[in-house]
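Report on one structure; see the data block that follows.
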Amino acid sequence: MLFTKYLCVTKHIGSLLNNSSYLYSTSSSSIKIAIVGSGPAGFYTTQKLLKNPDVDVDIYEKLPVPFGLVRYGVAPDHAEVKNVINTFTGVANSDRVNFYGNVNLGTTVAMEDLMEAYHAVVLCYGSAQDKFLDIEGESTTKNTISARNFVGWYNGVPEDKDLKINLDCDTACIIGQGNVALDCARILLKPANLEKTDITSYAQKIIDKSKIRRLYIIGRRGPLQISFSTKELRELIKLNEGRTRIEPEEIFTDYEVNLLKLKKLTRQRRRLTELLLNTSTATIKDRNQLDGIELIFKFLSKPIKIKPDERTGNVKSLVVQRMKFEEEKEFMSETAKPIEMTNELETIDCGLIIRSIGFKAVMIDKSLPIDHRLGAILNTNGRVQGHRNLYCSGWLATGASGVIAGTLNSSHLTAQSILDDINRGDLPNLNRCKKGFSIIKQILDSKSVPVVHFNDWLRIDELERKLGQALGKTREKFVDVEKMLEIVVDKES
Ligand code: FAD
Ligand code: NAP
73 MLFTKYLCVT KHIGSLLNNS SYLYSTSSSS IKIAIVGSGP AGFYTTQKLL KNPDVDVDIY
133 EKLPVPFGLV RYGVAPDHAE VKNVINTFTG VANSDRVNFY GNVNLGTTVA MEDLMEAYHA
193 VVLCYGSAQD KFLDIEGEST TKNTISARNF VGWYNGVPED KDLKINLDCD TACIIGQGNV
253 ALDCARILLK PANLEKTDIT SYAQKIIDKS KIRRLYIIGR RGPLQISFST KELRELIKLN
313 EGRTRIEPEE IFTDYEVNLL KLKKLTRQRR RLTELLLNTS TATIKDRNQL DGIELIFKFL
373 SKPIKIKPDE RTGNVKSLVV QRMKFEEEKE FMSETAKPIE MTNELETIDC GLIIRSIGFK
433 AVMIDKSLPI DHRLGAILNT NGRVQGHRNL YCSGWLATGA SGVIAGTLNS SHLTAQSILD
493 DINRGDLPNL NRCKKGFSII KQILDSKSVP VVHFNDWLRI DELERKLGQA LGKTREKFVD
553 VEKMLEIVVD KES
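For the sequence shown, the numbering used here gives the first residue as 73, with consecutive numbering after it.
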């Protein structure tokens, strides 16, 4: 014990003297960093922190299984995106990294416990809360669900497995025009071989029997303000083989959009707009003769009310208010905010509404400073404002926007801030030995909380793949936390 303390002190003095690297190395690393959350941010932050050979990282995850939205968000038919799991597994296999699953920060363990046990804590627990429309009927009408729950349901998030969803209706509306909305739409359009992916079998069966024939994707702004990416939009339009419409149909001609005007846009925005423009002008002889679901991108339509069927309580219709651009030139501006056209309401009859308007972070401790605009933690390059040994990265730091590659950048930026703070001696208590997991273990033991290690996850992973193989699919996920913990306990006994 004394020996370890002596080592800690000597190493940190070494670090400060040398400024950027330690004067000697030892097998007992002593800068202990806790990461909370094992999504891309958790793993990419860890990856970069390991550049300092004296850093040990413990990753805490509330679920028994790792990888966050890579497992529970990325669509089942986009298997190639999930290959980042191989990189994360490589990080987890480092002998300076430990994974502790089934540990929920905020309930099982408090933030101050971690801050006391570690030299630094990095919060990477994502954006697990829905944004709301705040309109009548939103929380009271049956079959009005959030994209987060819908995605969680088909991807096997334990708390979403029992979602009550009814696809026994003719028309569905997805509110919001970002990539999550496209994911939800694509799953409802049933991409080829969906049953062979890692989609949960219970969801697959219900989607297979879906009676939806018409699907609206509704935006409050115009076609030049959508958040979709071109690749995802093209994939969806292609999937439904010509049964795509744009509403209002005249939207492009109303604003006299021509190729000359489009040239002024950024390349990315131009490609996206050309795709929509071509879709809107494509002459389809008789859309209704085609099989499949009719897909309608509806613009300048702000949801204002959800009406229930009085008898069943199920959603009966969505009322939207027509919007317009105050000035014609705003049509071409990505930041334009159209205004309401009073008295111009439209009622869309539908039996299912999926709200896909983004996410925000849960604040697990009242000392955390909130960036209300982003729905994230206030921070500067990952340093949480008002704290010295607390950092954040990923969606918790940036707000719920951006793809995995963007999360890599934000995570590496945060890790660099920590490495710089270590090298400058700015991290408090660097001269104190921190006990890390041994302290947290006492708390977990006192509450009889079983911990899942990375090897336990590998066992769960193997069993899921085997179950999947038997069903002719890549994986069948366990959707009960209890079941996953049983596997871990069985192995130990
Ligand atoms: P998350 O991935 O959300 O990870 C947070 C982790 O923290 C989770 O494991 C969670 O369980 C854990 N956690 C939460 N609370 C606690 C707590 N209290 N204690 C301990 N642990 C906790 N990007 C792409 O590049 N391609 C795609 O195809 C793609 N598809 C997406 C589909 C959906 C539906 C969504 C929502 C996003 C998608 N993204 C995609 C974006 C990508 O998922 C994010 O950029 C990335 O996951 C953000 O990483 P993160 O680590 O910040 O958050
Ligand atoms: P997003 O891209 O921010 O889109 C949210 C949508 O909701 C926008 O169209 C927004 O419109 C709309 N919206 C917000 N508040 C609204 C309100 N009150 N009323 C009506 N509409 C409202 O978010 P997301 O789709 O949740 O995606 C999150 C991130 O994950 C994105 O960066 C996305 O690219 C990424 N992701 C990527 C993939 C992929 O690469 N395949 C898949 C899924 C997700 P306004 O613009 O008018 O606010």
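Beta carbons are placed, not taken as given, at the ideal position from N, Cα and C, and that holds for glycine.
Three-state class that DSSP yields for residue i in the structure shown
{"i": "Leu-34", "result": "This structure leaves residue 34 out entirely; the chain is present only between 73 and 565."}
{"i": "Ala-264", "result": "coil"}
{"i": "Lys-214", "result": "strand"}
{"i": "Ile-436", "result": "coil"}
{"i": "Lys-283", "result": "coil"}
{"i": "Phe-550", "result": "coil"}
{"i": "Asp-421", "result": "strand"}
{"i": "Asp-255", "result": "helix"}
{"i": "Lys-310", "result": "helix"}
{"i": "Ser-166", "result": "coil"}
{"i": "Gln-393", "result": "strand"}
{"i": "Lys-77", "result": "Its pLDDT being 37, under 50, Lys-77 is placed unreliably in this model, and the value from its coordinates should be taken loosely. DSSP places Lys-77 in helix when its eight states are reduced to three."}
{"i": "Ile-532", "result": "helix"}
{"i": "Ala-448", "result": "strand"}
{"i": "Arg-455", "result": "strand"}
{"i": "Leu-95", "result": "Summary for Leu-95: the model assigns pLDDT 34, below 50, so the residue's position carries little reliability; its value from the coordinates is reported in the next sentence. Coil, per DSSP."}
{"i": "Tyr-116", "result": "helix"}
{"i": "Ser-100", "result": "Summary for Ser-100: the model assigns pLDDT 49, below 50, so the residue's position carries little reliability; its value from the coordinates is reported in the next sentence. Ser-100: coil per DSSP, three-state reduction."}
{"i": "Ala-408", "result": "coil"}
{"i": "Leu-462", "result": "strand"}
{"i": "Lys-506", "result": "coil"}
{"i": "Glu-402", "result": "helix"}
{"i": "Thr-414", "result": "strand"}
{"i": "Lys-233", "result": "coil"}
{"i": "Gly-173", "result": "strand"}
{"i": "Lys-377", "result": "strand"}
CA-to-CA distance, residue j to residue i, given in whole angstroms
{"i": "Val-456", "j": "Lys-388", "result": "45 Å"}
{"i": "Arg-394", "j": "Tyr-132", "result": "47 Å"}
{"i": "Tyr-463", "j": "Asp-202", "result": "23 Å"}
{"i": "Asn-221", "j": "Ile-411", "result": "31 Å"}
{"i": "Ala-113", "j": "Leu-417", "result": "43 Å"}
{"i": "Tyr-96", "j": "Asp-126", "result": "In this prediction, Tyr-96 scores a pLDDT of 32, lower than 50, which makes its location untrustworthy; the coordinate-derived value is nonetheless stated afterwards. Cα to Cα, the separation comes out at about 10 Å."}
{"i": "Asp-438", "j": "Asp-517", "result": "Looking at the sequence provided, one finds Lys at residue 438 rather than Asp. For Lys-438 and Asp-517, the distance between alpha carbons rounds to 26 Å."}
{"i": "Asn-215", "j": "Leu-450", "result": "35 Å"}
{"i": "Leu-296", "j": "Leu-254", "result": "16 Å"}
{"i": "Cys-241", "j": "Asp-128", "result": "53 Å"}
{"i": "Thr-76", "j": "Glu-406", "result": "Residue placement at Thr-76 is flagged as unreliable, the pLDDT there being 37, under the threshold of 50; a coordinate-derived value is accordingly withheld."}
{"i": "Thr-325", "j": "Arg-285", "result": "28 Å"}
{"i": "Ala-151", "j": "Ile-290", "result": "27 Å"}
{"i": "Asp-167", "j": "Asp-130", "result": "11 Å"}
{"i": "Gln-541", "j": "Asp-528", "result": "20 Å"}
{"i": "Leu-530", "j": "Glu-398", "result": "57 Å"}
{"i": "Leu-535", "j": "Phe-171", "result": "19 Å"}
{"i": "Tyr-94", "j": "Arg-339", "result": "Reliability of the predicted coordinates at Tyr-94 is poor, the pLDDT of 37 falling under 50, and the value obtained from them is presented with this limitation in mind. Cα to Cα, the separation comes out at about 47 Å."}
{"i": "Arg-537", "j": "Asn-238", "result": "29 Å"}
{"i": "Thr-419", "j": "Ala-408", "result": "25 Å"}
{"i": "Lys-335", "j": "Glu-322", "result": "21 Å"}
{"i": "Asn-481", "j": "Ala-487", "result": "10 Å"}
{"i": "Cys-505", "j": "Ile-515", "result": "19 Å"}
Residue(s) in a DSSP beta bridge with residue i
{"i": "Ala-106", "result": "Asp-130 and Val-193"}
{"i": "Phe-431", "result": "Asp-202"}
{"i": "Thr-345", "result": "None; Thr-345 has no bridge partner."}
{"i": "Glu-366", "result": "Arg-286"}
{"i": "Asp-443", "result": "Ala-448"}
{"i": "Thr-316", "result": "Leu-367"}
{"i": "Pro-138", "result": "Pro-138 is not bridged to any residue."}
{"i": "Asn-386", "result": "Lys-214"}
Under 7 Å between C-beta atoms of residue i and residue j
{"i": "Gly-294", "j": "Phe-369", "result": "no"}
{"i": "Lys-432", "j": "Gly-447", "result": "yes"}
{"i": "Leu-491", "j": "Asn-124", "result": "yes"}
{"i": "Thr-213", "j": "Ile-378", "result": "yes"}
{"i": "Ile-512", "j": "Val-181", "result": "yes"}
{"i": "Val-146", "j": "Val-156", "result": "no"}
{"i": "Lys-549", "j": "Gly-228", "result": "yes"}
{"i": "Ser-483", "j": "Ser-465", "result": "yes"}
{"i": "Gly-173", "j": "Val-392", "result": "no"}
{"i": "Val-452", "j": "Thr-269", "result": "Rather than Val, the amino acid found at residue 452 in this sequence is Thr. Cβ atoms of Thr-452 and Thr-269: not closer than 7 Å."}
{"i": "Lys-120", "j": "His-191", "result": "no"}
Min CB distance residue i to chain C below 7 Å
{"i": "Asn-527", "result": "In the structure shown, chain C does not exist; there is a single protein chain."}
Note to self: I'd like to know if the region 414-428 and the region 245-262 are in contact, where contact means that at least 3 CB-CB pairs between them fall below 8 Å.
What the structure shows: These segments touch.
Check: Is the region 303-313 touching the region 252-267 in the sense that three or more CB pairs, one from each, lie closer than 8 Å?
Finding: Put simply, the region 252-267 touches the region 303-313. At least three CB pairs are less than 8 Å apart.
Check: Does the region 504-520 come close enough to the region 219-235 to have 3 or more Cβ pairs within less than 8 Å?
Finding: Too few Cβ pairs lie closer than 8 Å, so no.
Notebook entry, point to check: Is there contact between the region 187-205 and the region 102-120, where contact requires at least three CB pairs shorter than 8 Å?
Noted result: Cβ pair count under 8 Å is three or more, so yes.
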